[in-house]
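For the sequence shown, counting from 1, position 288 maps to 719 in the numbering used here; every step adds exactly one.
Beta carbons are placed, not taken as given, at the ideal position from N, Cα and C, and that holds for glycine.
What follows is a short report on a single structure.
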Amino acid sequence: MARRKSGASDKPDVEQLTEFYRQMLLVRRFEERTARAYTEAKIGGYCHLNLGEEATVVGLMDGIEARDYLFVSYRDHGYALLRGMDPGRVMAELYGRSDGVSRGWGGSMHLFDVETRQLGGYGIVGGQLPLATGAALALQYKETDEIVLCQLGDGATNIGAFHEALNIAALWQLPIVFAVVNNALGMGTTVEMSSAEPELYKRGAAYRMASARVDGNDVTAVRDAMRDAAAHARSGKGPFLLEATTGRLRGHSVVDPATYRSAEEVAAVRKADPVLALHDRLQAAGVGDESLAAIEQDVATVVTKAVEFAESSPKPEVGTLFDYTYASPVPNDTRRRPAEPLFPEVVAR
Numbered sequence: 432m433a434r435r436k437s438g439a440s441d442k443p444d445v446e447q448l449t450e451f452y453r454q455m456l457l458v459r460r461f462e463e464r465t466a467r468a469y470t471e472a473k474i475g476g477y478c479h480l481n482l483g484e485e486a487t488v489v490g491l492m493d494g495i496e497a498r499d500y501l502f503v504s505y506r507d508h509g510y511a512l513l514r515g516m517d518p519g520r521v522m523a524e525l526y527g528r529s530d531g532v533s534r535g536w537g538g539s540m541h542l543f544d545v546e547t548r549q550l551g552g553y554g555i556v557g558g559q560l561p562l563a564t565g566a567a568l569a570l571q572y573k574e575t576d577e578i579v580l581c582q583l584g585d586g587a588t589n590i591g592a593f594h595e596a597l598n599i600a601a602l603w604q605l606p607i608v609f610a611v612v613n614n615a616l617g618m619g620t621t622v623e624m625s626s627a628e629p630e631l632y633k634r635g636a637a638y639r640m641a642s643a644r645v646d647g648n649d650v651t652a653v654r655d656a657m658r659d660a661a662a663h664a665r666s667g668k669g670p671f672l673l674e675a676t677t678g679r680l681r682g683h684s685v686v687d688p689a690t691y692r693s694a695e696e697v698a699a700v701r702k703a704d705p706v707l708a709l710h711d712r713l714q715a716a717g718v719g720d721e722s723l724a725a726i727e728q729d730v731a732t733v734v735t736k737a738v739e740f741a742e743s744s745p746k747p748e749v750g751t752l753f754d755y756t757y758a759s760p761v762p763n764d765t766r767r768r769p770a771e772p773l774f775p776e777v778v779a780r
């Protein structure tokens with residue numbers, strides 16, 4: 432096992448850092464606009480944001496290739512954007528509109544797009560773990576050099592599926608990277624209070640699995656750690672467990688007031704804000720205020736257009752509710768809507 436420290440990579444150039452800043456700012460502004468739409472009752476259901484985790488999201492996505500497969504937890508908006516899904520279609524999905532990436536029937540926690548190979552966000556804690564492991568087995572069976580990235584939160588490391596997935600992946604040497612985004616809070620409980628071993632990457636040792644921990648607030652460190660993990664899995668050496676330590680600027684979900692945090696804890700997370708830190712780093716590197724303001728304006732335009740697209744998209748027809756229950760036709764599959772009789776012809780008589 433290895434502990435990867437922030438700044439362990441080759442020094443990135445300003446152009447690369449500027450692009451990372453653009454991507455991180457896109458996630459930040461998109462999520463802020465999402466939170467606003469939720470309070471305006473334009474988005475329903477559960478809604479979890481990547482606010483504070485932007486450096487980890489960007490670093491992980493830059494560390495894999497377009498041909499690789501991605502499985503994500505319910506905190507999935509930023510990954511969808513950075514994976515290449517159209518911001519308008521992502522926002523439309525949050526609005527529950529038919530132009531959304533899941534036709535409006537999935538919502539915030541179920542962003543799915545075959546073309547970009549993001550095979551879902553998953554509303555059940557750790558629900559993606561067995562499926563991602565199975566996908567890695569399929570890739571091994573097909574003898575390709577693609578890999579699977581399975582992202583999960585720190586809370587999911589305490590469920591049975593986590594240990595079952597790691598055990599099978601190590602036993603069969605599957606091409607998969609398990610990336611734990613450790614924001615220090617599994618909903619409202621700290622990692623130290625819920626995990627006997629709070630340094631979560633060390634859990635890979637139980638399965639003789641290569642692992643590392645990285646500063647999730649350093650986008651280049653995360654990118655390099657992810658590249659190393661991906662190269663390990665792609666070369667046939669088996670799975671990799673990567674832990675990125677980061678922070679969460681808001682509650683567990685949009686409606687969580689996070690009263691379990693002290694003022695000092697909130698201040699510490701805000702002080703470590705990765706977006707502001709990269710902004711200051713670029714200024715120190717000589718990037719002018721006008722250039723940074725232009726990025727801000729460009730991102731604002733993208734987010735505004737995404738909202739306009741979502742609000743102009745039609746709502747799904749009720750009759751399509753069951754269209755995607757199964758991938759292929761199933762005998763005796765019912766298409767009845769709630770409260771409709773199972774056998775209408777009997778009722779009619």
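- In this chain, Tyr553 is not harboured by any alpha helix (DSSP H); it is covered by the beta strand (DSSP E) spanning 549 to 553.
- The Cβ atoms of Met455 and Pro762 do not sit closer than 9 Å to each other.
- A residue is called buried when at least 16 other Cβ atoms come within 10 angstroms of its Cβ; Phe740 meets this threshold and is buried.
- Shown here, Gly494 sits in coil according to DSSP, grouped into three states, outside any helix or strand.
- Following the DSSP letters along the chain, one finds Arg644 inside the beta strand (DSSP E) bounded by residues 641 to 646.
- Asp687 sits in coil when the DSSP states are folded into three classes, being neither helix nor strand.
- Contact between the stretch 665 to 682 and the stretch 512 to 530 is not established, with fewer than three Cβ pairs separated by less than 8 Å.
- In the three-state DSSP reduction, Gln582 falls in the strand class (E or B).
- Beta-bridge annotation (DSSP): Leu501 is paired with Gln549, Leu580.
- Considering only Ile474, Glu574, Asp499, Glu462, the residue with the shortest C-alpha distance to Gly483 is Glu462.
- In the three-state scheme derived from DSSP, where H, G and I count as helix and E and B as strand, Thr677 is classed as coil.
- Note that the stretch 659 to 668 does not touch the stretch 678 to 686; fewer than 3 beta-carbon pairs, one per stretch, sit closer than 8 Å.
- Taking C-alpha positions only, Pro443 is separated from Pro606 by approximately 28 Å.
- Counting the other CB atoms within 10 Å of its CB gives Leu525 a total of 16 or more, which places it among the buried residues.
- From the listed residues Glu748, Ala563, Gly647, Ala523, the smallest Cα separation to Lys473 is found for Ala523.
- Counted as a single uninterrupted DSSP element, the alpha helix (DSSP H) harbouring Phe451 occupies residues 445 to 470.
- Counted as a single uninterrupted DSSP element, the alpha helix (DSSP H) harbouring Val730 occupies residues 720 to 743.
- Phe609 carries a strand assignment under DSSP once its states are collapsed to helix, strand and coil.
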